[in-house]
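A.B. asks:
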Amino acid sequence: MTRLERRQCASLDTVERRADFRASRLAAKRAALRVLHDDRAPAALPHGADALRRIAVLRCEGGSPAVVVQGDAGQWLPFAGPLSLAHRDGRGVAAAGSPGARIGVDLERAGSVSPCHRHFFASDEELAHGPDDVTSLWVLKEAAWKALKLDVSRPLRCLELEFDAGRELRAVHVGNRRSGANATVLHPGLGYVAALVLVEVA
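Residue 148 in my numbering sits at position 45 of the sequence shown; the count goes up by one each step and never skips.
(1) Use the C-beta contact count for residue 127: other C-beta atoms within 10 angstroms, 16 or more gives buried, fewer gives exposed.
(2) Would you kindly report the start and end of the unbroken beta strand (DSSP E) that includes residue 271?
(3) When you compare the CB positions of residue 210 and residue 159, do they come within less than 8 Å of one another, or not?
(4) Residue 323 lies in the beta strand (DSSP E); which residues open and close that run?
(5) Within a Cβ cutoff of 6 Å, which residues of the same chain sit near residue 276, ignoring the five residues on either side of it in sequence?
(6) Roughly how many whole angstroms lie between the Cα atoms of residue 125 and residue 285?
(7) Could you round the C-beta distance between residue 111 and residue 162 to whole angstroms and report it? I think they count as a contact, below 8 Å.
(8) Alpha helix (DSSP H) containing residue 171: first to last residue?
(9) From residue 235 to residue 226, what distance separates their C-alpha atoms?
(10) Please report how far the alpha carbon of residue 214 lies from the alpha carbon of residue 131, in whole angstroms.
(11) In the DSSP assignment, find the alpha helix (DSSP H) that holds residue 237 and state where it starts and stops.
(12) For residue 257 and residue 244, what's the separation of their Cα atoms in angstroms?
(13) First and last residue of the beta strand (DSSP E) that includes residue 211?
(14) Quick one, are the C-beta atoms of residue 121 and residue 129 less than 8 Å apart?
(15) What residue does the beta strand (DSSP E) around residue 191 start on, and which one ends it?
(16) For residue 306 and residue 193, I'd like the C-alpha separation in whole angstroms.
(17) Could you give the distance in angstroms between the alpha-carbon of residue 164 and the alpha-carbon of residue 207?
(18) In the DSSP output, which residue or residues are listed as bridge partners for residue 263?
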């Protein structure tokens with residue numbers, strides 16, 4: 104971690120929050136590095152641990168983390184593409200994309216969302232046509248909410264997920280606006296479920 108990241112991590116009030124911070128930042132740096140290497144920018148960015156030290160993922164109050172990359176002259180430059188991260192119990196997931204992409208991820212313990220809470224965040228249509236597992240539906244909605252950069256004042260129920268006959272995500276709705284989308288639900292082991300959502304750019 105960079106010096107500023109270490110300071111931000113140390114400022115967190117519990118061991119658990121610090122573990123989440125470290126795990127999610129490592130995942131985010133790896134995701135950003137893959138995009139940078141694919142885009143060949145900056146060209147001189149090395150592989151491995153040296154490259155990870157030249158990427159910083161900084162906390163921003165009330166918004167997504169800011170990602171910066173250290174250039175050859177030592178200056179910190181903004182990472183141009185979107186990045187989404189999530190953490191739970193000291194584990195982290197992240198996804199990054201090229202500029203213009205809309206991407207979101209989320210991570211939860213499998214079975215952590217009680218079926219009796221499903222109507223607080225999901226519509227009857229989502230429950231009928233979405234995943235059978237309520238936690239999988241939760242992480243899909245959270246990831247889509249992040250991909251759309253919805254304001255924290257807007258509840259999950261303002262976002263409607265549209266599924267096809269195979270229970271795969273095909274679109275997201277916010278009010279009267281519909282955007283095509285696709286998703287991957289992952290079970291990375293050890294009792295966790297993660298979702299990656301890509302929303303089409305209009």
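Heads up, the beta-carbon is just placed ideally off N, CA and C, and yes, glycines get one too.
C.D. replies: Taking the geometry as given:
(1) If you draw a 10 Å sphere on the C-beta of residue 127, you find 16 or more other C-beta atoms in it, and that means buried.
(2) Premise fails: residue 271 is in no beta strand (DSSP E) and is neither H nor E.
(3) no
(4) A query on residue 323 cannot be resolved here, the shown segment of the chain reaching from 104 to 305 and no further.
(5) 263
(6) The alpha-carbon of residue 125 is positioned some 29 Å away from that of residue 285.
(7) Confirmed, about 5 Å.
(8) Careful: residue 171 lies outside any alpha helix (DSSP H), inside the beta strand (DSSP E) at 169–173.
(9) 14 Å
(10) 25 Å
(11) 237–250
(12) 13 Å
(13) 205–212
(14) no
(15) 186–191
(16) As displayed, the chain neither begins before 104 nor continues past 305, which places residue 306 out of reach and without an answer.
(17) 18 Å
(18) In DSSP, residue 263 forms a bridge with 276.
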